[in-house]
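Student:
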Amino acid sequence: MEEILRVENLSKRFEDISVINNLSLSVKKGEVVVIVGPSGCGKSTFLRCLNGLEEIEEGEIFLDGEKVSSNKKNMSKTREKIGMVFQSYDLFPHKTILQNITLAPITVKKRKKAEVEEEALKLLDRVGLLSKKDNYPRQLSGGQKQRVAIVRALIMHPEVLLLDEITAALDPEMVREVLDVVLSLAKEGRTMLIVTHEMAFAKAVADRVIFLEGGKIVEEGAPNDFFDNPQTDRLKRFLQTFSYEK
Amino acid sequence: MNFEVIRDYLPLYFKAFLLTIKIGWIGIALSLGIGVISAFILHFKIPVLSAIVKVYVELFRNTPLLVQLFFVYFGLPKIGISISAEACGAIGLGLLGGSYMTESFRSGLDAVPLSQTESSLALGMTKGRLFTSVILPQAFTLSVPAVVANLIFLLKETSVFSAISLMDLMFTAKDLIGLYYNTTECLVMLVVFYVIMLLPVSILGSFVEKKTRFKMFGN
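In structure tokens form, the structure reads like this:
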């Protein structure tokens, strides 16, 4: 499989705290990489560096072999290729669901409205929300909003999709409906980088799992090895926090 | 209450009413223009200009309109600029209102969550597109209640225009009371005319607020 995203020696500091520490990573086309780790380990910051929401200090990022880290002017072009979904959905409250989805393709990609709407309706149907197309975001549940946010990212035809704790604000049943959508995306071969605290989901969806702490990759591996046979003590301790015994 | 007196005074009040509305709304239009431009300057943190805007806002928010009117009315002729009392009133009101409107619009712009900016950038929008399609419509909605409150406040502030001998409602009432001592009738008419002037603004304001308050919360 060809490589689509390569990160070389990425570092990021907030004042005197080092958040990302000389991190390198290569992602192949169609690969699903799940990043787990304790709070403040730099997982979200890492995703935000990839699409330029955080400026990086050191290191380089290559998308499709093209360097993206330093040329600020082309950042919006790069962002068209890297979709991102956030924990807090961030739909546009003043626009209907359909308008939320079609705004970027029409204004950024200059695509025809009719064509974009047709695709939007297909995608909405796929995530089971066709009937909500004329509603406003606030009329939807958290899980529904998050599914719309995924569609809004998908319609830009991103080469890589970044999902930043997209279920962290949802209750369990809604987590399920959102993660089912992500699983189906994984099946159709989308390249995704996923930050999550849902370990069962991580195991099911990932091709590779990465444990991040202190801005460094502490351990990585295929999901079965990673969860059932962790090598480092730190990962063992981390995974223990997800199981309960009386 | 002598209704004949009221009937006799009606044309005078009506004239004053029209003048008050005219100057009031010219001043308000001015204040909206100043407010929008100043708020943009503050929002985009334009160097030098935003420092000037900050000084302007604090200066005009923290001094009474009467003092500002005196400066414009008596001060400008001293440096060779003489303008009519009407223009003075409108400019004074516009400057005072501008400082309030600036804060209302700025707070609206600032109240749009940063996450809206980030999610728009993540979709590949440019800063300009994001401002016009995402920030501005939400900021507008968020500032409507404060702007409506300002409109009502500014229209009421016109009552100090009498101090620079503009024949507004207040001036007319005081004048008639001084001449004929029909205090009750004059004051009742004064209240009624102010209510007639302000009630539509108030009602229209609530209507616009309801209309623009799209499904804002919990995005």
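As given, the protein sequences belong to chains A and P, one line each in that order. This note's numbering numbers the first residue of the first sequence as 1 and each following residue consecutively. This note's numbering numbers the first residue of the second sequence as 1001 and each following residue consecutively. Glycine included, each C-beta is placed from N, C-alpha and C at the ideal position. It should be emphasised that the depicted structure is a prediction, and the values quoted were computed from it without experimental measurement.
(1) To which residues does DSSP link F211 of chain A through a beta bridge?
(2) Comparing alpha-carbon positions, which option in A:V148, A:A222 and A:A204 lies nearest I210 of chain A?
(3) Whole angstroms are fine: how far does the CA of L212 of chain A sit from the CA of S39 of chain A?
(4) Check the Cβ of L1121 of chain P against every Cβ in chain A and list those closer than 7 Å, keeping chain order.
(5) Quick one: list the residues of chain P neighbouring A104 of chain A, beta-carbon separation under 7 Å, in chain order.
(6) Please give the ranges of any alpha helix (DSSP H) in the stretch 1072 to 1116 of chain P, keeping only runs that are unbroken, at least 4 residues long and fully inside the region.
(7) Can you give, in chain order, each stretch of the beta strand (DSSP E) that sits fully within the stretch 181 to 211 of chain A and has at least 3 residues?
(8) For the alpha helix (DSSP H) containing I1026 of chain P, list its first residue and its last residue.
(9) Is S1159 of chain P helix, strand or coil when you go by DSSP?
(10) Taking only beta-carbon positions, decide if R1061 of chain P is within less than 7 Å of chain A.
(11) For the stretch 1134 to 1148 of chain P and the stretch 1087 to 1094 of chain P, state whether three or more C-beta atom pairs, one from each stretch, are separated by less than 8 Å.
(12) Would you check if the stretch 139 to 158 of chain A and the stretch 105 to 120 of chain A touch, i.e. whether three or more CB-CB distances between them fall below 8 Å?
(13) When burial is assigned at 16 or more other CB atoms within 10 Å of the CB, is K1174 of chain P buried or exposed?
(14) So is E31 of chain A buried or exposed if we call it buried at 16+ other beta carbons inside 10 Å?
(15) So, at 8 Å on beta carbons, what are the nonlocal neighbours of E54 of chain A in its own chain, with the 5 sequence-adjacent residues on each side left out?
(16) For the ligand FMN, is there any heavy atom lying closer than 6 Å to the beta carbon of I1164 of chain P?
(17) DSSP on G1178 of chain P, reduced to helix/strand/coil?
(18) Quickly, what does DSSP pair K67 of chain A with across the bridge? List them, please.
(19) Taking the beta strand (DSSP E) that S1050 of chain P falls in, what are its first and last residues?
(20) Given a threshold of 16 other Cβ atoms within 10 Å of its Cβ, counted over all protein chains shown, does L91 of chain A qualify as buried or as exposed?
(21) Does the CB of V148 of chain A have a neighbour CB from chain P at under 7 Å?
(22) Please confirm whether P1137 of chain P has its beta-carbon closer than 7 Å to some beta-carbon of chain A.
(23) Taking A104 of chain A as the reference, give the member of P:F1105, P:S1107, P:S1115 and P:R1129 with the closest Cα.
(24) Specify the secondary structure class of D164 of chain A as computed by DSSP and reduced to three states.
(25) Could you tell me which residues DSSP puts in a beta bridge with M84 of chain A?
(26) For a quick check, are the C-beta atoms of K203 of chain A and F227 of chain A less than 7 Å apart?
(27) Name, in chain order, the residues that DSSP records as bridge partners for K28 of chain A.
(28) Going along the chain, which residues of the stretch 106 to 121 of chain A sit with their C-beta nearer than 9 Å to a C-beta in chain P?
(29) Using a C-beta cutoff of 7 Å, does H197 of chain A count as contacting chain P?
(30) I need the straight-line Cα distance from V7 of chain A to F62 of chain A, nearest angstrom please.
(31) Per DSSP, R13 of chain A forms a beta bridge with which residues?
(32) As a quick exercise: from A:E159, A:E173, A:Q231 and A:A169, pick the residue whose alpha carbon is nearest that of G83 of chain A.
(33) Give me the Cα-Cα distance between F1060 of chain P and Q144 of chain A, rounded to the nearest whole angstrom.
(34) Using beta-carbon positions only, say whether F1151 of chain P and G1108 of chain P come within less than 7 Å of one another.
(35) Can you check which of these residues, A:T78, A:S88, A:L161 and A:K109, is closest to V27 of chain A by C-alpha distance?
(36) Would you say the stretch 1185 to 1197 of chain P touches the stretch 1001 to 1012 of chain P, given that touching needs at least three Cβ pairs under 8 Å?
Tutor: Judging by the given coordinates:
(1) By 1-based counting over the first sequence, the position of residue 211 of chain A is 211. DSSP lists A:V36 and A:E219 as partners of F211 of chain A.
(2) Within the first sequence, the letter at position 210 stands for residue 210 of chain A. I210 of chain A has its Cα closest to that of A:A222, out of A:V148, A:A222 and A:A204.
(3) Your numbering for residue 39 of chain A matches position 39 in the first sequence. Your numbering for residue 212 of chain A matches position 212 in the first sequence. Approximately 10 Å between the Cα atoms of the pair.
(4) Counting from one through the second sequence, the residue named residue 1121 of chain P turns up at place 121. Within 7 Å Cβ-Cβ: L53 and R79.
(5) Mapped onto the first sequence, residue 104 of chain A falls at position 104. Near A104 of chain A (Cβ distances below 7 Å), the residues of chain P are L1123, G1124 and M1125.
(6) 1085 to 1111
(7) 191 to 195
(8) Indexing the second sequence from 1 puts residue 1026 of chain P at position 26. Taken as a continuous stretch (DSSP letters only), the alpha helix (DSSP H) holding I1026 of chain P covers F1003 to H1043.
(9) In the second sequence, the residue the question calls residue 1159 of chain P occupies position 159. S1159 of chain P: helix per DSSP, three-state reduction.
(10) In the second sequence, counting from the first residue as 1, residue 1061 of chain P sits at position 61. It does not: the Cβ of R1061 of chain P has no partner Cβ on chain A nearer than 7 Å.
(11) no
(12) yes
(13) Along the second sequence, read from residue 1 onward, the residue named residue 1174 of chain P stands at position 174. It is exposed - the Cβ of K1174 of chain P has fewer than 16 other Cβ atoms within 10 Å.
(14) Within the first sequence, the letter at position 31 stands for residue 31 of chain A. Buried, since its Cβ has 16 or more Cβ neighbours within 10 Å.
(15) As a position in the first sequence, residue 54 of chain A is number 54, starting the count at 1. The residues are K12, T45 and R48.
(16) The model depicted lacks the ligand FMN and carries no ligand whatsoever.
(17) Sequence index remark: in the second sequence, residue 1178 of chain P carries index 178 (1-based). If DSSP states are grouped into helix, strand and coil, G1178 of chain P belongs with the helices.
(18) Against the first sequence, residue 67 of chain A aligns to sequence position 67. Answer is A:F62.
(19) Taking the second sequence and counting its residues from 1, the one referred to as residue 1050 of chain P is at position 50. Looking at the DSSP string, S1050 of chain P is not in any beta strand (DSSP E); the run it does join, the alpha helix (DSSP H), is L1049 to R1061.
(20) Taking the first sequence and counting its residues from 1, the one referred to as residue 91 of chain A is at position 91. L91 of chain A comes out buried.
(21) Reading the first sequence from its first residue, position 148 is the one you call residue 148 of chain A. No - not a single Cβ of chain P is within 7 Å of the one on V148 of chain A.
(22) Within the second sequence, numbered from 1, the residue matching residue 1137 of chain P stands at position 137. Cβ-Cβ to chain A under 7 Å: yes for P1137 of chain P.
(23) Your numbering for residue 104 of chain A matches position 104 in the first sequence. That would be P:R1129, whose Cα lies nearest to the Cα of A104 of chain A.
(24) Within the first sequence, residue 164 of chain A is the residue found at index 164, counting from 1. Correct three-state label for D164 of chain A: strand.
(25) Sequence index remark: in the first sequence, residue 84 of chain A carries index 84 (1-based). DSSP, once it has assigned bridges, lists A:L162 as partnering M84 of chain A.
(26) For the purposes of this step, residue 203 of chain A is taken as the residue at position 203 of the first sequence. For the purposes of this step, residue 227 of chain A is taken as the residue at position 227 of the first sequence. Result yes, Cβ atoms of K203 of chain A and F227 of chain A sit closer than 7 Å.
(27) Here residue 28 of chain A refers to the residue found at position 28 of the first sequence. DSSP, once it has assigned bridges, lists A:E3 as partnering K28 of chain A.
(28) T107, V108 and K109
(29) Locating residue 197 of chain A in the first sequence gives position 197, counting from the first residue. Chain P, which has no Cβ nearer than 7 Å to the Cβ of H197 of chain A, makes this no.
(30) For the purposes of this step, residue 7 of chain A is taken as the residue at position 7 of the first sequence. For the purposes of this step, residue 62 of chain A is taken as the residue at position 62 of the first sequence. For V7 of chain A and F62 of chain A, the distance between alpha carbons rounds to 6 Å.
(31) Translated into the one-based positions of the first sequence, residue 13 of chain A becomes position 13. A:S18.
(32) Translated into positions along the first sequence, residue 83 of chain A becomes position 83. Of the candidates A:E159, A:E173, A:Q231 and A:A169, the one whose C-alpha sits nearest the C-alpha of G83 of chain A is A:E159.
(33) The residue you call residue 1060 of chain P lines up with position 60 of the second sequence. The residue you call residue 144 of chain A lines up with position 144 of the first sequence. Rounded to the nearest angstrom, the two C-alpha atoms are 48 Å apart.
(34) Numbered from 1 along the second sequence, position 151 holds the residue referred to as residue 1151 of chain P. Numbered from 1 along the second sequence, position 108 holds the residue referred to as residue 1108 of chain P. Before going on, a small fix: residue 1151 of chain P reads as Leu here, not Phe. In this structure, G1108 of chain P does not lie closer than 7 Å to L1151 of chain P by Cβ.
(35) As a position in the first sequence, residue 27 of chain A is number 27, starting the count at 1. Answer by Cα proximity: A:L161.
(36) yes
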